[in-house]
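Residue numbers (my numbering), protein chains in the order written: chain A, 6 to 220; chain B, 6 to 220; chain C, 6 to 220; chain D, 6 to 220. Every residue, glycine too, gets a C-beta built ideally from N, C-alpha and C.
Number of protein chains: 4
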Amino acid sequence: MFVLVNLKAYPCDPIEVATAAADVADDSGVRVAVAPQAAHIEPVAETGVETWAQHISPNGHGSHTGSTLAEAVADAGAVGTMLNHSENRLKLADIDASLAAADRVDLETIVCANNPEQIGAAAALGPDAVAVEPPELIGTGTPVSKADPDIVTGAVDAASRVDGDVDVHCGAGISTGEDIVSASDLGATGVLLASGVAKADDPRAALEDLVEPLN
Amino acid sequence: MFVLVNLKAYPCDPIEVATAAADVADDSGVRVAVAPQAAHIEPVAETGVETWAQHISPNGHGSHTGSTLAEAVADAGAVGTMLNHSENRLKLADIDASLAAADRVDLETIVCANNPEQIGAAAALGPDAVAVEPPELIGTGTPVSKADPDIVTGAVDAASRVDGDVDVHCGAGISTGEDIVSASDLGATGVLLASGVAKADDPRAALEDLVEPLN
Amino acid sequence: MFVLVNLKAYPCDPIEVATAAADVADDSGVRVAVAPQAAHIEPVAETGVETWAQHISPNGHGSHTGSTLAEAVADAGAVGTMLNHSENRLKLADIDASLAAADRVDLETIVCANNPEQIGAAAALGPDAVAVEPPELIGTGTPVSKADPDIVTGAVDAASRVDGDVDVHCGAGISTGEDIVSASDLGATGVLLASGVAKADDPRAALEDLVEPLN
Amino acid sequence: MFVLVNLKAYPCDPIEVATAAADVADDSGVRVAVAPQAAHIEPVAETGVETWAQHISPNGHGSHTGSTLAEAVADAGAVGTMLNHSENRLKLADIDASLAAADRVDLETIVCANNPEQIGAAAALGPDAVAVEPPELIGTGTPVSKADPDIVTGAVDAASRVDGDVDVHCGAGISTGEDIVSASDLGATGVLLASGVAKADDPRAALEDLVEPLN
């Protein structure tokens, strides 16, 4: 399982979370990555943790003030990027162009979507992975794998019908190791989580609890 | 073949084009529809021509000032809607929600896209049809079926791999009946055109020339 | 006082509201206008009521599929347009360009904004009027003139400092004639209202009650 | 005069430009700042140069994946931010909210705009400075101060009518020290430039030439 901790714009210490994530990944052998704000990618990557961008813009080099250039996040140390998170929905054509941008600098890609139909659409664009996150469950602590297991299996089916090489992750409400195991049982090969770690009093303990059942 | 004449925001007389299109459809037996500005749907529909919206918003009834409600365009006489035209690109989630909105009032749907990958993505959302329109050919008079036939066959392949029930149309640069025949030969079952009719000195003659080789 | 009834995307009968508004305006001498969906502008205008658009796009004639062209809404019978409603926020540059578009076809303009600072900004662009609508009060039935009178007087001050010729309207939560009188006492020369009329069981009675204290 | 070098998404070495800018500022006493990609703010700030963000999002802390949080760019070393650049136009309400976000962390602010009307609007929102940049001159090498001096004096007038405390900068086409002197003569207190330095073969020499006439 791949565990991606999305720090969003939370008031956490990104270095503290990153350091904990790097240690927990080392100790457990579970792949754990952290997606900080773009301005924090460089110091987060310097902790040694696998570092992801939360988003990149569809453009290449050029006159694009305020964009988040794929080359810049890669240069700062990111090895992957999320795209089309429900808090940052993109135009279909921009998802396609952003995937091409990621490809230019070998960033791994996860395209998020709301439901199996959109997961099928996202998979057709050829990302490395898709992630199904029902918006109504984000931040609730009720994991999608319990609240709506059919949406996870539906996403796995939709993606595999379109492109069998695309991994399916799931997110929304995941906060325990048990949630990750359920997601895995439903066919997901990764999870996206956020507040469960980023807002935890002790992010390291939260991460240790999360990966514990995976060993 | 289905011929959809998109009036965009052109300075044409929508009633003149609509009347001509209705007559040409009647005389030729070819299915010809017109997509005017939302504010012109009612008078255009009153000519008897098959009338389409250029776009609908993803929302349902409610507090959505400035939206283009599916129910309102249907009520005014539209029987179909384009979505995600290259001049009006939509978020993936909004294409999905707009398709659901169209479904509520039985509007037929065509989702436009740039290339075969995006056509596959659009097809995964379950519209009635997709339309491939390379943006660089729009308005050029160089038909996509000549300039880039592979993009049409690629679109047909991409759509059929995802959902065999989704029709594939093509657009961009189409202005003659011969262009339509080529599109049909490549597997398209409809064409989108705009300036070739809307900017013609004599829209009726332009339409007659267009459908002539289809009989 | 100017009373603008915004029908948003409500499931009301626009012709019924328009007919009632036309009659109430005639009987009371109060200026009452109705802003329907773009697709309903023509039939609404045919009732004889003063008809407004809820929004226009910044573009002129041309290749702008899915836009709401100023010329089209004017042609359908609109004599004014709202811009930048809180449910349809626009880019600063697009408000400016939409005002120029409205000017081309002599549409009267009201630019909405959240607070006195934004009202000052809107006034600097030279619309006919600005309207202050705190988003948190929209649809509540608690009128801005009671809940937050300072925001109305602040808006009047901000607009007059920038351009003394710009009228100030107010909206959000207005549903009674008394609310309109309070708005007038605070310096507003018009009100925007929506659900109070559009969702009323008897829109005609609601409008009669609204204008009654203005005579 | 304040000289802000916007690196946009150019394929330059941000550290090389930043180091040169820091040195030139030290040697000349002219205030020179650099605005890199968000992911490069931290290493650019570490050179000692005054560092700006190209953009910040309107949100505060919270669930805002893919946003550019004011706190994050400040934490990485930015002391100011541009907003509403013509390549990144913002909604009026978002400019207002982004200024509030900048205020939370004491970022200095420059709001860009196209013309004197929009400059007046931007000034009404209370930024530290506004910058007038006619989009048609950006990247041309023809300075706005020569091509269209009236737009600079018009901007200075528009801003001072609304708020005398707001500085006026100008941009677009500025590439020589003489251009900066002309801008200053027209009432601007700063300039924005980009390709003239970022695309120069020798950014240090370009910066030295720029500031030379200012001493």
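Chain-ordered neighbours of glutamine 59 of chain D on chain A, where CB pairs are closer than 7 Å: As a first step, residue 59 of chain D is located in the fourth sequence; it is residue number 54 there, counting from the start. Ordered by position in chain A, the residues that pass the 7 Å Cβ test against glutamine 59 of chain D are Thr70, Gly71.
From this set, B:Asp101, B:Val39, B:Ser33, which residue's C-alpha is nearest asparagine 64 of chain B's C-alpha? Here residue 64 of chain B refers to the residue found at position 59 of the second sequence. When each option's Cα is compared against that of asparagine 64 of chain B, the closest is B:Asp101.
Bridge partners - lysine 13 of chain A, DSSP secondary structure assignment: Numbered from 1 along the first sequence, position 8 holds the residue referred to as residue 13 of chain A. According to DSSP, which records beta bridges pairwise, lysine 13 of chain A is partnered with nothing at all.
Nearest-angstrom Cα separation, counted from isoleucine 143 of chain C out to arginine 209 of chain D: In the fourth sequence, the residue the question calls residue 209 of chain D occupies position 204. In the third sequence, the residue the question calls residue 143 of chain C occupies position 138. Rounded to whole angstroms, the gap between the alpha carbons of arginine 209 of chain D and isoleucine 143 of chain C is 54 Å.
Nearest chain A C-beta to glutamate 47 of chain D closer than 8 Å, yes or no? As a working note, residue 47 of chain D is residue 42 in the fourth sequence. So yes, glutamate 47 of chain D belongs to the interface.
Can at least three beta-carbon pairs, one atom from the segment 81-93 of chain D and one from the segment 37-47 of chain D, be found at a separation below 8 Å? Touching, yes.
Contact set for proline 41 of chain D: own chain, Cβ-Cβ below 6 Å, skip 5 residues either direction: Reading the fourth sequence from its first residue, position 36 is the one you call residue 41 of chain D. Here the set comprises Leu12, Pro19, Val49.
Amino acids of chain C, ordered along the chain, whose beta-carbon sits closer than 9 Å to that of histidine 90 of chain B: As a first step, residue 90 of chain B is located in the second sequence; it is residue number 85 there, counting from the start. Going along chain C in sequence order, the residues near histidine 90 of chain B (Cβ under 9 Å) are Thr70, Gly71.
Here's the rule: buried if 16 or more other CB atoms are within 10 angstroms of the residue's CB, otherwise exposed. What is glutamate 21 of chain D? Taking the first residue of the fourth sequence as position 1, residue 21 of chain D is located at position 16. Its Cβ having fewer than 16 others within 10 Å, glutamate 21 of chain D is exposed.
What are the start and end residues of the alpha helix (DSSP H) that includes asparagine 212 of chain C? Within the third sequence, residue 212 of chain C is the residue found at index 207, counting from 1. It should be pointed out that residue 212 of chain C corresponds to leucine in this sequence rather than to asparagine. Residues 208-216.
Could you check whether the segment 170-177 of chain A touches the segment 211-220 of chain A, counting it as contact only if at least three pairs of C-beta atoms, one from each stretch, sit closer than 8 Å? The segment 170-177 of chain A makes no contact with the segment 211-220 of chain A; the number of CB pairs closer than 8 Å stays below 3.
Backbone CA spacing between proline 162 of chain A and aspartate 99 of chain A [nearest angstrom]: Working through the first sequence from its first residue, we reach residue 162 of chain A at position 157. Working through the first sequence from its first residue, we reach residue 99 of chain A at position 94. Per the sequence shown, residue 162 of chain A should be read as aspartate rather than proline. Cα-Cα distance, rounded: 25 Å.
CB-CB length for alanine 75 of chain B against arginine 109 of chain B, believed under 8 Å: Here the question's residue 75 of chain B lines up with position 70 in the second sequence. Here the question's residue 109 of chain B lines up with position 104 in the second sequence. The C-beta separation of alanine 75 of chain B from arginine 109 of chain B comes to about 6 Å, placing the pair in contact by the 8 Å criterion.
How far does the alpha helix (DSSP H) with valine 22 of chain D in it reach, from first residue to last? For this step, residue 22 of chain D is matched to residue 17 along the fourth sequence. It spans 19-33 - the alpha helix (DSSP H) in which valine 22 of chain D sits, taken as one unbroken run.
Residues bridged to alanine 118 of chain C (per DSSP): Here residue 118 of chain C refers to the residue found at position 113 of the third sequence. BP columns for alanine 118 of chain C point to C:Val137.
Could you check where the alpha helix (DSSP H) with alanine 160 of chain D kicks off and where it finishes? In the fourth sequence, the residue the question calls residue 160 of chain D occupies position 155. Run containing alanine 160 of chain D: 154-167, per the alpha helix (DSSP H) assignment.
I'd like the span of the beta strand (DSSP E) that includes arginine 109 of chain A, first residue to last. Along the first sequence, read from residue 1 onward, the residue named residue 109 of chain A stands at position 104. According to the DSSP assignment, arginine 109 of chain A belongs to no beta strand (DSSP E) but to the alpha helix (DSSP H) extending over 97-109.
Kindly list the residues whose CB is nearer than 6 Å to the CB of glycine 53 of chain D, restricted to its own chain and excluding five residues on each side of it in sequence; keep chain order. Translated into positions along the fourth sequence, residue 53 of chain D becomes position 48. Counting only Cβ-Cβ distances below 6 Å, and skipping sequence neighbours, we find Ala27.
Check whether the Cβ of alanine 126 of chain D lies closer than 8 Å to any Cβ atom in chain C. Within the fourth sequence, the letter at position 121 stands for residue 126 of chain D. Chain C places a beta carbon closer than 8 Å to that of alanine 126 of chain D, counting this residue as a contact.
Valine 1 of chain D: contacting residues in chain A (beta-carbon distance under 7 Å): Not covered by the structure: residue 1 of chain D. The range shown for chain D is 6 to 220.
So cysteine 17 of chain C and alanine 203 of chain C are supposed to be a Cβ contact under 8 Å. How far apart are they, rounded? Position 12 of the third sequence, counting from 1, holds the residue named residue 17 of chain C. Position 198 of the third sequence, counting from 1, holds the residue named residue 203 of chain C. About 5 Å separates the two Cβ atoms, so the contact holds.
Excluding five sequence neighbours on each side, which residues of the same chain lie with their C-beta closer than 6 Å to the C-beta of alanine 23 of chain B? The count along the second sequence starts at 1 and reaches residue 23 of chain B at position 18. Cβ within range, chain order: Val39, Val49, Thr52, Val54.
Starting from the C-beta of alanine 107 of chain A, find all residues in its chain whose C-beta is less than 6 Å away, skip the five residues before and the five after it, and write them out in chain order. Position 102 of the first sequence, counted from the start, is the residue given in the question as residue 107 of chain A. Hits under 6 Å: Ala75, Thr86, Thr114.
Is the shortest distance between the beta-carbon of glycine 85 of chain D and the beta-carbons of chain A less than 8 Å? Taking the first residue of the fourth sequence as position 1, residue 85 of chain D is located at position 80. It does not: the Cβ of glycine 85 of chain D has no partner Cβ on chain A nearer than 8 Å.
Contact belief for proline 154 of chain A with leucine 97 of chain A at Cβ below 8 Å, rounded distance in angstroms: Taking the first sequence and counting its residues from 1, the one referred to as residue 154 of chain A is at position 149. Taking the first sequence and counting its residues from 1, the one referred to as residue 97 of chain A is at position 92. In this structure proline 154 of chain A is not in contact with leucine 97 of chain A, their Cβ atoms being roughly 28 Å apart against a cut-off of 8 Å.
Chain D beta carbons: is any one of them nearer than 8 Å to that of asparagine 11 of chain C? Start at 1 with the first residue of the third sequence, and residue 11 of chain C comes out as number 6. Proximity of asparagine 11 of chain C to chain D, defined by a Cβ-Cβ separation below 8 Å, is not satisfied.
For a test of your reading of the model: does the CB of valine 10 of chain D fall under 7 Å from any non-hydrogen atom of the ligand SAH? Yes or no. With respect to the ligand SAH, the structure shown offers nothing to examine, as it has no ligands at all.
Is the shortest distance between the beta-carbon of leucine 74 of chain A and the beta-carbons of chain D less than 8 Å? In the first sequence, counting from the first residue as 1, residue 74 of chain A sits at position 69. Yes, contact with chain D.
Determine the chain B residues that contact asparagine 119 of chain A at a beta-carbon separation under 7 Å, and present them in chain order. Working through the first sequence from its first residue, we reach residue 119 of chain A at position 114. By Cβ distance, chain B contributes Ala98.
Taking only three categories from DSSP, how would you classify valine 37 of chain A? Walking along the first sequence from the start, residue 37 of chain A turns up at place 32. Three-state DSSP puts valine 37 of chain A in a strand.
DSSP on valine 49 of chain D, reduced to helix/strand/coil? Translated into the one-based positions of the fourth sequence, residue 49 of chain D becomes position 44. When secondary structure is reduced to three states using DSSP, valine 49 of chain D falls in the helix class.
May I ask which residues mark the beginning and end of the alpha helix (DSSP H) holding glutamate 92 of chain A? Position 87 of the first sequence holds residue 92 of chain A. Element bounds for glutamate 92 of chain A: n/a, residue is neither H nor E.
Applying the criterion that 16 or more other CB atoms from any shown protein chain within 10 Å of the CB defines a buried residue, is glycine 178 of chain B buried or exposed? Indexing the second sequence from 1 puts residue 178 of chain B at position 173. Burial call: buried.
Near-chain D residues of the segment 124-148 of chain A (beta-carbon distance less than 8 Å), N- to C-terminal order: Taking 8 Å as the Cβ-Cβ cut-off, the segment 124-148 of chain A approaches chain D at Ile143, Gly144, given in chain order.
In chain B, which residues lie with their C-beta within 8 Å of the C-beta of proline 218 of chain C? Translated into the one-based positions of the third sequence, residue 218 of chain C becomes position 213. Near proline 218 of chain C there are no residues of chain B at all, since even the closest Cβ is about 26 Å away, more than 8 Å.
I'd like to know if histidine 174 of chain C contacts chain B, where contact means its C-beta is closer than 8 Å to some C-beta of that chain. Indexing the third sequence from 1 puts residue 174 of chain C at position 169. Put simply, the CB of histidine 174 of chain C is far from chain B, with every gap to its CB atoms at 8 Å or more.
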